[in-house]
Amino acid sequence: MRPSNACRISSRVRVIVISSIIATMSVAAHAQFVYWADVGENAIRRAATDGSGVELLVSGTDAATPTALTLDLRGGKIYWCGTAPSSVRRANLDGTDVEVLSTTGLDFANGIALDSTGGHLYVTSFYNSQVNRYNLDGSGYLAIHTFPADSWPRGIDLDLDAGKMYYQLQALNRIERSDLDGSNVETLVDPAGSTPHDLSLDTLAGKIYWVNLGNDEIKRSNLDGSNVETVVATGTRPRGLALD
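Everything in the sequence shown is counted per my numbering, starting at 23 for the first residue and increasing by one.
Next up, the structure:
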């Protein structure tokens, strides 16, 4: 039997930040903020990039135990994955006007990527092993990928110039990519003893970065999966990854 939603989360996260994004906003005199999902406190917060001025933006049932988030600065929105219940949500950048966009096709949503130009959200659904696509308003649900049971898709990022999505299958210990419509699937990284968890793309340098829970390290490779190397050997069970 699978653990309860609360147990799943508390066993993974206590005090770490699951997902954070640094944003230069066109409002508030070009103020710079870092946004994060605080699982332990069931909240979404932001602060100035120097750590000052922490603000509580969304909490309680509105936050729905958030895991991953992304920002649409042009549209002035935060999008995030809720897990209690499993859902895709959004709000204004100041936390107002929370909307539940969709609960369809989701069982522990935990990764989200935004194509604001194309008008789509891509969301990984862990326990039913899917990568789903939605319109920005939550309509138009489409299961882009449906994997074998217990494949556990997790981190996701997009290379919009190349028309590609990159994602991890944690239980299968590999990283794949496909076209944005789900076609042309390629296995890029399939290392023995690795447990890929979160990933981020540096498309200008042609690199994928990811967290390897198997060996408590951060690794990278070329976008085609070649030239795998260890970047940092960390402490215990690193999670969350962002690039400057």
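Where is the CB? At the ideal position from N, CA and C, for every residue including glycine.
Which residues mark the beginning and the end of the beta strand (DSSP E) in which residue 104 is found?
Working through the sequence shown from its first residue, we reach residue 104 at position 82. First-last of the beta strand (DSSP E) with residue 104: 99 to 105.
Between the segment 215 to 230 and the segment 179 to 193, can you find at least three pairs of beta-carbon atoms closer than 8 Å?
Yes, they touch.
Residue 84 by DSSP, collapsed to three states: which one?
Working through the sequence shown from its first residue, we reach residue 84 at position 62. Correct three-state label for residue 84: helix.
Where does residue 198 land, buried or exposed, given buried means 16+ other C-beta within 10 angstroms?
Position 176 of the sequence shown, counted from the start, is the residue given in the question as residue 198. Its Cβ being crowded by 16 or more others within 10 Å, residue 198 is buried.
Rounded to a whole number of angstroms, what is the C-alpha to C-alpha distance between residue 242 and residue 184?
In the sequence shown, residue 242 corresponds to position 220, counting from 1. In the sequence shown, residue 184 corresponds to position 162, counting from 1. C-alpha separation (whole angstroms): 19 Å.
Among 115, 123, 159, which one has its Cα closest to the Cα of residue 104?
As a working note, residue 104 is residue 82 in the sequence shown. The shortest Cα separation from residue 104 among 115, 123, 159 belongs to 123.
How many whole angstroms separate the CB atoms of residue 92 and residue 134, which I take to be in contact at a CB cut-off of 8 Å?
On the sequence shown, position 70 is the one that residue 92 refers to. On the sequence shown, position 112 is the one that residue 134 refers to. Residue 92 to residue 134, Cβ: 5 Å. Contact.
Is residue 195 near residue 217, with beta carbons less than 8 Å apart?
Residue mapping note: residue 195 aligns to position 173 of the sequence shown, counting from 1. Residue mapping note: residue 217 aligns to position 195 of the sequence shown, counting from 1. Yes, the pair counts as a contact, with Cβ atoms nearer than the cut-off.
Contact check, residue 147 vs residue 169 under 8 Å by CB: the rounded distance?
For the purposes of this step, residue 147 is taken as residue 125 along the sequence shown, with counting starting at 1. For the purposes of this step, residue 169 is taken as residue 147 along the sequence shown, with counting starting at 1. Going by Cβ atoms, the distance from residue 147 to residue 169 rounds to 10 Å, so no, they are not a contact pair.
Cutting at 7 Å between CB atoms, please list the residues of its own chain near residue 201, excluding the five before and the five after it.
As a working mapping, residue 201 is identified with position 179 in the sequence shown. Excluding positions up to five away in sequence, the list reads 185, 186.
When the distance is taken between beta carbons, is residue 80 closer than 8 Å to residue 113?
In the sequence shown, residue 113 corresponds to position 91, counting from 1. In the sequence shown, residue 80 corresponds to position 58, counting from 1. Contact flag set, yes.
Can you give the Cα-Cα distance for residue 111 and residue 101, rounded to whole angstroms?
Numbered from its first residue, the sequence shown carries residue 111 at position 89. Numbered from its first residue, the sequence shown carries residue 101 at position 79. One C-alpha to the other measures close to 6 Å.
Taking residue 108 as the reference, which of 120, 156, 115, 125 has the closest Cα?
The residue labelled residue 108 in the question sits at position 86 within the sequence shown. Selected option, being the one with the closest Cα: 125.
For residue 79, which three-state DSSP category applies?
Stepping through the sequence shown from its first residue, residue 79 is reached at position 57. DSSP places residue 79 in strand when its eight states are reduced to three.
Nearest CA to the CA of residue 83: which residue from 63, 71, 249?
Stepping through the sequence shown from its first residue, residue 83 is reached at position 61. The shortest C-alpha separation from residue 83 is found at 63.
Quick one: is residue 132 buried, meaning 16 or more other Cβ sit within 10 Å of its Cβ, or exposed?
Residue numbering aside, residue 132 sits at position 110 when the sequence shown is read from its first letter. Buried: at least 16 other Cβ atoms inside 10 Å.
Can you give me the Cβ contacts of residue 158 inside the same chain, cut-off strictly under 6 Å, excluding the 5 residues immediately before and after it?
Counted from its first residue, the sequence shown places residue 158 at position 136. Within the same chain, residue 158 has close Cβ partners 141.
Which residues share a DSSP beta bridge with residue 165?
Counted from its first residue, the sequence shown places residue 165 at position 143. Residue 165 is bridged to 154.
Do you know offhand how far residue 144's Cα is from residue 221's?
Counted from its first residue, the sequence shown places residue 144 at position 122. Counted from its first residue, the sequence shown places residue 221 at position 199. Cα to Cα, the separation comes out at about 14 Å.
Can you grab the Cα-Cα spacing for the pair residue 127 / residue 210, in whole Å?
As a working mapping, residue 127 is identified with position 105 in the sequence shown. As a working mapping, residue 210 is identified with position 188 in the sequence shown. Cα to Cα, the separation comes out at about 26 Å.
Report all residues from its chain with a CB closer than 6 Å to the CB of residue 164; omit the five preceding and five following residues, and keep chain order.
Against the sequence shown, residue 164 aligns to sequence position 142. So the qualifying residues of the chain are 155.
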